[in-house]
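Written below as structure tokens is the structure these notes are about.
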Amino acid sequence: MDMTHIQKWRLFAVVALVFCIAFGLFQYARPSKDHGDQPIQVTLAAADLLAAFASSDSTDALVIGQVIAVQGTVQSVGAMSLVLLPGISCALAAPLTNPSLYEGAEVKVKGRLVGYDALFGEVQLDFASLIDS
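In this text, residue positions in the sequence shown follow the working numbering: the first is 155, and each later residue adds one.
Here's what the structure looks like:
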């Protein structure tokens with residue numbers, strides 16, 4: 155009688171383990187949320203955004219995770235990244251076709267606000283894209 159009871163517990167444990175593994179794989183393979191269709195919550199100049207994070211009192215209006223638009227001058231550009239003066243780091247959602255065209259240009263970038271990196275002194279955006287100003 156004890157063997158059937160032990161076998162039931164083993165079967166239950168195996169089924170629970172398979173369920174947990176399947177759920178974990180489903181969550182891992184799930185595509186990330188598309189922030190490109192979300193409306194812009196706030197539009198700021200790059201210097202104003204950095205100043206808001208530099209003084210901790212002003213960040214109450216800026217919620218981490220909001221989709222914002224930032225306008226500024228491009229300091230450096232890569233295929234998948236863009237840095238605006240004075241220190242807004244943007245991880246692009248799609249690669250730029252000709253990154254050298256944007257070096258030193260005035261651009262407007264839409265992206266999700268990730269936060270402030272105190273070590274590098276820069277505000278970070280991800281899922282960023284260039285928009286028409």
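For each residue, glycine too, the CB sits at the ideal point set by N, CA and C.
Cβ-Cβ separation, residue j to residue i (assumed contact under 8 Å), whole Å
i, j, result
"Leu-246", "Ser-283", "7 Å"
"Val-231", "Tyr-256", "5 Å"
"Ala-259", "Pro-249", "The pair is not a contact, with the Cβ atoms about 17 Å apart (cut-off 8 Å)."
"Ala-315", "Leu-216", "Past the edges of the chain, shown from 155 to 287, lies residue 315, and the structure says nothing about it."
Best match in the options for proximity to residue i [C-alpha to C-alpha]
i, options, result
"Gln-192", "Leu-279, Arg-266 and Gly-275", "Arg-266"
"Gln-225", "Lys-262, Ala-208, Gly-275 and Thr-251", "Lys-262"
"Ile-218", "Asp-286, Met-157, Gln-278 and Leu-236", "Gln-278"
"Asp-295", "Lys-264, Gly-241, Pro-249 and Gly-258", "What the structure shows of the chain is the stretch from 155 to 287, and residue 295 is not part of that stretch, so it cannot be assessed."
"Lys-264", "Leu-273, Ala-199, Phe-274 and Ala-272", "Ala-199"
"Ser-243", "Leu-273, Ala-208, Phe-207 and Asp-280", "Asp-280"
"Gly-275", "Lys-187, Ser-254, Arg-184 and Leu-204", "Leu-204"
"Ser-254", "Gly-190, Ser-235 and Asp-271", "Ser-235"
Same chain, Cβ closer than 6 Å to residue i, five either side skipped, listed in chain order
i, result
"Ala-182", "In the sequence on display, residue 182 carries Tyr and not Ala. Taken in chain order, the list of residues that qualify is empty."
"Thr-197", "Ala-223"
Three-state class that DSSP yields for residue i in the structure shown
i, result
"Asp-271", "strand"
"Gln-161", "helix"
"Ile-194", "coil"
"Asp-202", "helix"
Cβ shell of residue i (< 8 Å), same chain only, five flanking positions each side left out
i, result
"Met-155", "With a pLDDT of 47 at Met-155, under the threshold of 50, the predicted position of this residue should be treated as unreliable, though the coordinate-derived value follows. No residues qualify anywhere along the chain."
Contact set for residue i: own chain, Cβ-Cβ below 7 Å, skip 5 residues either direction
i, result
"Ile-194", "Val-221, Ile-222, Ala-223 and Lys-264"
"Gly-269", "Ile-218 and Gln-278"
"Gly-178", "none"
What beta strand (DSSP E) runs, 3 residues minimum, are completely inside the region 212 to 266? 221 to 231, 235 to 238 and 242 to 246
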